[in-house]
Amino acid sequence: MTATARLIRHDDVGVIELDNPPVNALALGLRVGLEASLEAALGDPSIVAIVLAGAGRMFCGGADLREFNTPAAAQPPFTGELRTRMDRSPKPIVAAIHGSALGGGLEMALACHYRVAAAGTQLGLPEVKRGLLPGGGGTQRLPRMVGVATALRMIVTGDTVDAAGAKAIGLVDEVATSDVRTAAIAFARAAAARGGHHPVASSREARIADADADAFFAAERTRVKAEARGLEAPLECLACVEAATRLPFDEGLAFERARFRVLVEGTQSKALRHLFFAERAAARIPGIAEDQAARPVRTVGVIGAGTMGGGIAMSLANAGLDVVQLETEQAALDRGRATMTRNWAGTVAKGKLSQDEMDRRLARVRGTLRYEDLADVDMVIEAVFEDMAVKRAVFGRLDAVCRPGAILASNTSRLDIDEIARSTSRPQDVVGLHYFSPAHVMRLLEVVRGTQTAPDVIATSMAFGRATAKLPVLVGNCDGFVGNRMLSAYVREAGFLLEEGASPAQVDGALQRFGLAMGPFRMGDLAGLDIGWAGRKRQAATRPKHLRYSRVADRICELGRFGQKTGAGWYRYEAGSRTPIPDPEVERIIAECAAEAGIARRTIADQEIVERTMYALANEGAKILAEGVALRASDIDLVYVNGYGFPAYRGGPMHFADTIGLAEVAERVVQFHAAHGDWWTPAPLLLERAAAGRGFNDKA
Ligand code: NAD
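Convert by adding 858 to the 1-based position in the sequence shown; the result is the number in our numbering.
As structure tokens, then:
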């Protein structure tokens, strides 16, 4: 498929058609075709007006992300030159916009004199979502067209507007109710007949003159900084819009160009673009054809109406599926329903859901105490207590009542999917569907493949995940799968750092400044410390004695401190408050455990906290990758960013290690191994890649 643009004559109107499926990205070939078509149309005296349109399903989705940081991006003609040429055109140019006009696509439309959009078209500048800013004049032209405040919100959020909204703010001149290209041709011909001056965005000044600009931008800068949470791009977007109000157009363009260059070469935008491609890659499963038939899923049974069962039922009902929810007693069903009702009512109160729609969703969830009511469901998702005996009993019952072909899934956090499957006569239909809390909010879904899980069950689970607005990532069956297995390594290192001299607040602070939504100790207090404690007690007898073990967490639990729910954990909490307060009692326990273990406490730098925890993630990730528990490094990155509050602008733990350079990471891991023992045994894959000068995410 070659990118191009062609000139098609409609009597006295020349239609330039952008053609680069699937989104008409502004790749080199398209730019060359556009330049030639523009020259031909401008030079042909029989053409009185020009229409710019897209072939296929949309007008234009913007720049070609794959071309960024490659030589093709540096080859003329550049879109900037084309837009300047359009600005200067004496013949009216009309954009005929259908489907979407996004990023560079909308910037091309902004350089036309007029815009006609098909009803329902989406228009926007989403560059900020990839850590960039609209670098094709968008920050300079949009404020001139729709006003500073409206343009600023569109650019710093990256949100789109539909055609009707675009008409209301002055972004499009006409919304076409029938064929948009025909409407645009008629519009262009009328404009040419009218003659006179055709409006050019770059020379409109009326909407950017504002007496209170200083106060406006000062207030917006504070707001954007708070919303951005460590992201550079939104603040750069703001600086460019401000430049539009203070500098002549050409200087504003140069300013925008310079700020764009800084972002495109920077680590944040590379990380966000990595995640964008990672999501596409995650959908591809080697050995399973893309057209593998999936089993239809309309009705889903959910076992358990606790924290996870409730959230899962909500997410299914939100996606329009019917849910049969089974519990052991009516009181548990009632409690679950009350929680769902409260959660949805909160969304209604915020104006994000209508009461009618809430009622419809609630009506889709039917509670039951009888397994027979699951006889006809297409899939079951089990979310009962994390106890193998209980899970085995539940799957035995499901095997007895569910119809042949029904998919039997477990939401277990770390138990063996194969053992669960063995409690049924149909292990090929058993799969793990690991949701994250709160399940109606978090996007990640680990799809856990058992030894015998059938290919069409995997294909169905992945398709089902996407259809219910989740991000499904296929992982292998091992203790904790990908996410929780890595979390264990991370939490363990955080605990060791306490004994060596850090405080919970120092570790949390360092990692939150690094960009994590919440440090490990605050997260522990929120999730509850008792579950981990129970697990450690179970494993106590089999724990390898040569591996270092910190007693701090156990001592804290022995005092009945299970986190926020008991008013104390790693921190203490005032009644009714979620604000963590450092607690001298915890300091005392830490010092005591360190003394017992013979550890001399020292001052620990934030840098060491980040390296110890982040390289623990990368080293464990490398083992996961080598074992085939994850299909690709980018899948691990997706799991960690979407399930564990890892900052997207760092691209995930594997991408972060690549950014540091695996040679340096490997060197530190070897040092940590020497200093802290065998938890740090370097992953062979890490050493191999480091020696070969390759990153985890590099293509072979
Ligand atoms: P929970 O205690 O809130 O809920 C469990 C529910 O299951 C209870 O309402 C209980 O009455 C019900 N139940 C127990 N035995 C049952 C049976 N035999 N039949 C029907 N219902 C039964 O627990 P949770 O936090 O929702 O966890 C459920 C599962 O999800 C566990 O396997 C857990 O590891 C996993 N998980 C939890 C989280 C989390 O953050 N809480 C995240 C991912 C996965």
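Just so you know, even glycine gets a beta-carbon here, dropped at the ideal spot from N, CA and C.
- In this structure, the straight-line span from the alpha carbon of aspartate 1070 to that of alanine 1077 is close to 11 Å.
- Rounded to whole angstroms, glycine 996 and histidine 868 show a C-alpha spacing of 30 Å.
- Counting only the Cα atoms, glycine 994 lies some 14 Å from arginine 943.
- Secondary structure of leucine 910 (DSSP, three-state): strand.
- Per DSSP, the continuous beta strand (DSSP E) segment holding arginine 864 begins and ends at 862–868.
- Collapsing the DSSP output to three states places tyrosine 972 in a strand.
- If you look at tyrosine 1293, you'll find it isn't in any alpha helix (DSSP H); it sits in the beta strand (DSSP E) that goes 1288–1293.
- Three or more beta-carbon pairs separated by less than 8 Å are not found between the region 1137–1145 and the region 1159–1168, which leaves the two stretches without contact.
- By the CB criterion at 9 Å, arginine 1460 and phenylalanine 1530 fall outside the cutoff.
- Restricted to the region 1129–1193, the alpha helix (DSSP H) segments that are unbroken, complete and at least 4 residues in length are 1165–1176, listed in chain order.
- No heavy atom of the ligand NAD is found nearer than 8 Å to the CB of serine 1346.
- Under the three-state reduction of DSSP, arginine 1261 is assigned to coil, being neither helix nor strand.
- At the C-beta level, threonine 1157 and aspartate 1180 come within 9 Å of one another.
- In the DSSP secondary-structure assignment, proline 1542 is not bridged to any residue.
- The way I'd put it, the region 1330–1348 doesn't touch the region 1199–1208; fewer than three beta-carbon pairs between them come closer than 8 Å.
- Closest in alpha carbon position to aspartate 1072, among Phe926, Glu1090, Val1099 and Glu1094, is Val1099.
- Each residue's CA atom was taken as its position, placing isoleucine 955 and lysine 1025 some 13 Å apart.
- Shown here for valine 1248: same chain residues with a beta carbon closer than 6 Å to its own, the five before and five after excluded, namely Val1242 in chain order.
- In the three-state reduction of the DSSP assignment, arginine 1350 falls in the helix class.
- With distances taken between CA atoms, asparagine 1201 lies nearest to Asn1176 out of Asp1017, Arg1224, Asn1176 and Met1003.
- Distances from the alpha-carbon of glycine 1479 to those of Arg1343, Leu1096, Leu1266 and Thr1517 put Arg1343 closest.
- For aspartate 877, the enclosing beta strand (DSSP E) stretches over residues 871–877.
- Between glycine 961 and alanine 1021, the CB-CB gap reaches or exceeds 9 Å.
- Where glycine 1028 is concerned, there is no enclosing beta strand (DSSP E), because DSSP gives it neither an H nor an E.
- Within the model, the alpha-carbon separation for threonine 1197 versus glycine 1164 is close to 9 Å.
- In terms of side-chain proximity, the C-beta atom of alanine 959 is found no nearer than 8 Å to any non-hydrogen atom of the ligand NAD.
- Looking at the backbone, the Cα of valine 1299 and that of glycine 957 are separated by about 28 Å.
- Placement of the Cβ of histidine 1132 at a distance of 8 Å or more from every heavy atom of the ligand NAD is found.
- Membership of threonine 1226 in the beta strand (DSSP E) is indicated by the continuous run 1223–1226.
- Of all C-beta pairs linking the region 905–925 to the region 878–893, three or more are shorter than 8 Å, placing the two stretches in contact.
- Taken through DSSP and simplified to helix, strand or coil, aspartate 1020 comes out as strand.
- Residue nearest to glycine 1551 within the set Ala1521, Ala1541, Lys1557 and Val1527 is Ala1521 (criterion: CA-CA distance).
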